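Sequential numbering from 13 applies to the sequence shown in the working numbering. A short worksheet on the structure shown next.
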Amino acid sequence: CSSTAAAASSSSVLSRRGFASGPAPERKVAVLGAAGGIGQPLSLLMKLNPLVSSLSLYDIAGTPGVAADVSHINTRSEVKGYAGEEQLGQALEGADIVIIPAGVPRKPGMTRDDLFKINAGIVKSLCEAIAKYCPNALVNMISNPVNSTVPIAAEVFKIKGVYDERKLFGVTTLDVVRAKTFYAGKAKVNVADVNVPVIGGHAGVTILPLFSQATPRANLSDDEITALTKRTQDGGTEVVEAKAGKGSATLSMAYAGAIFSDACLKGLNGVPDVVECSFVQSTVTELPFFASKVKSLLVRHLTLYKCFILVLSLVRLGKNGVEEVLGLGPLTDYEQQGLEALKPELKSSIEKGIAFVHGN
Ligand code: NAI
Numbered sequence: 013c014s015s016t017a018a019a020a021s022s023s024s025v026l027s028r029r030g031f032a033s034g035p036a037p038e039r040k041v042a043v044l045g046a047a048g049g050i051g052q053p054l055s056l057l058m059k060l061n062p063l064v065s066s067l068s069l070y071d072i073a074g075t076p077g078v079a080a081d082v083s084h085i086n087t088r089s090e091v092k093g094y095a096g097e098e099q100l101g102q103a104l105e106g107a108d109i110v111i112i113p114a115g116v117p118r119k120p121g122m123t124r125d126d127l128f129k130i131n132a133g134i135v136k137s138l139c140e141a142i143a144k145y146c147p148n149a150l151v152n153m154i155s156n157p158v159n160s161t162v163p164i165a166a167e168v169f170k171i172k173g174v175y176d177e178r179k180l181f182g183v184t185t186l187d188v189v190r191a192k193t194f195y196a197g198k199a200k201v202n203v204a205d206v207n208v209p210v211i212g213g214h215a216g217v218t219i220l221p222l223f224s225q226a227t228p229r230a231n232l233s234d235d236e237i238t239a240l241t242k243r244t245q246d247g248g249t250e251v252v253e254a255k256a257g258k259g260s261a262t263l264s265m266a267y268a269g270a271i272f273s274d275a276c277l278k279g280l281n282g283v284p285d286v287v288e289c290s291f292v293q294s295t296v297t298e299l300p301f302f303a304s305k306v307k308s309l310l311v312r313h314l315t316l317y318k319c320f321i322l323v324l325s326l327v328r329l330g331k332n333g334v335e336e337v338l339g340l341g342p343l344t345d346y347e348q349q350g351l352e353a354l355k356p357e358l359k360s361s362i363e364k365g366i367a368f369v370h371g372n
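What follows is the structure in structure tokens.
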């Protein structure tokens, strides 16, 4: 553990960057896939977060080096590296949050669906271990295709009898990060002030940014909104093509994953009114999962419906994870059409994940 003085000084640096500061309870965060393109910068960013007291870095290989490197940074958390399946239990034990960027990234010409077979198996076995070693942890799923890996995780947890819909999140923050950046550029407003809800799912047309609800307001034409929507939906492909065979978004994804995990930590620590977009079990639409704004009150809505709905939604986060999945707000005709258009693909990705776990 680093000294209190070091922690205090790093805390002041971090608060200037939008991270939480102040006295914080002990929190263990585990990163699974920590030696990867996303895992490494994400581990670095979590090491910079003063809300983390213990940082557990796990991968099938390469973690001792990453852990040794990151552990020299003079911030609060104690860092431990774990390599290989036999150390997975130790890596997970006592974790408050598990972040999963383990898997294979998309290569040019590959769709998110192509990744399915490999990543589905990886996610399934990691979630079986989570169910065994830290069943109460919040799980932040980054591994793609998120539209299917989140339902896979949910099914695994249900089979193991530990499923709590408040604690499972598809990390869709990168879509929000992109929507904010692209909107600020087009609307010529300060990006630090921008807010854009992004709902639906986390692949192509299932990503639906609601620019009509973006703030600060700007007078963008229909064509500009269409172009911004398309660029947000294709943001992942833009990076895959620019990297020309060397993987997908890693640095911006690590940033997005760190922002979302920081929000989860704040929620756990009782900070009020923490709202983020995330792909969670939801009744906002007829789909079982949906990305929406999430507050920490989601449970009330969900217990009414046992059917399985994952949707990217705005959620309020709290001491037990999701407290509330917020509604979609008023949609324009264009957004309403986008919502109807995304449902079939999202539904089939969700069903594909469920079927994978049940061997169909
Ligand atoms: P990468 O190949 O650089 O790293 C993946 C890491 O996972 C490697 O270090 C590998 O050893 C590790 N790994 C593989 N099997 C494992 C297992 N069973 N247990 C633990 N670790 C394991 O890939 P990258 O670029 O870091 O991407 C990781 C995942 O994140 C991919 O599925 C990618 O599609 C996804 N992604 C998600 C985004 C999102 O917005 N949610 C954005 C960009 C990528």
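In this text, a Cβ means the ideal position worked out from N, Cα and C, and glycines have one as well. Every value quoted in this text rests on a predicted model; they were computed, and no experiment measured them.
Rounded to whole angstroms, how far is the Cβ of residue i from the Cβ of residue j, which I believe are closer than 8 Å?
i    : j    : result
V292 : V306 : 6 Å
V210 : Y195 : Contact flag wrong, Cβ pair sits at about 11 Å.
P221 : T241 : 6 Å
A353 : V208 : No, A353 and V208 are not in contact; Cβ-Cβ is about 19 Å, not under 8 Å.
How is the alpha helix (DSSP H) around residue i delimited, first residue to last?
i    : result
Q99  : Here Q99 belongs to no alpha helix (DSSP H), and DSSP marks it neither H nor E.
D81  : 75 to 83
M265 : 263 to 280
N152 : Careful: N152 lies outside any alpha helix (DSSP H), inside the beta strand (DSSP E) at 150 to 153.
K192 : 185 to 199
C139 : 128 to 145
K172 : First-last for K172: undefined, no H or E at that position.
V251 : 247 to 255
L54  : 51 to 59
Compute the distance between the beta-carbons of residue i and residue j, then report whether it is under 8 Å.
i    : j    : result
V158 : H214 : yes
L69  : V110 : no
I50  : T244 : no
G2   : A141 : No answer is possible for residue 2: the residues shown for the chain start at 13 and end at 372.
F128 : K364 : yes
G93  : T75  : yes
D274 : N61  : yes
V201 : G182 : no
R178 : D108 : no
L150 : C289 : no
A95  : A73  : yes
I362 : E167 : no
C112 : S155 : For clarity, residue 112 is Ile in the given sequence; the question names Cys instead. Contact: yes.
G257 : G330 : no
V82  : S65  : no
T184 : I271 : no
So the beta strand (DSSP E) residue i belongs to, where does it begin and stop?
i    : result
V206 : Here V206 belongs to no beta strand (DSSP E), and DSSP marks it neither H nor E.
L69  : 66 to 71
A42  : 40 to 44
Q225 : Segment: none, Q225 is in no beta strand (DSSP E) and carries neither H nor E.
E335 : 333 to 337
V283 : Unbroken run through V283: none, as it is neither H nor E.
V110 : 109 to 112
Report the partner residues of residue i according to the DSSP bridge assignment.
i    : result
S360 : Beta-bridge pairing links S360 to no other residue.
L180 : V151
A303 : G212, F291
G93  : L69
V217 : DSSP, once it has assigned bridges, lists no residue as partnering V217.
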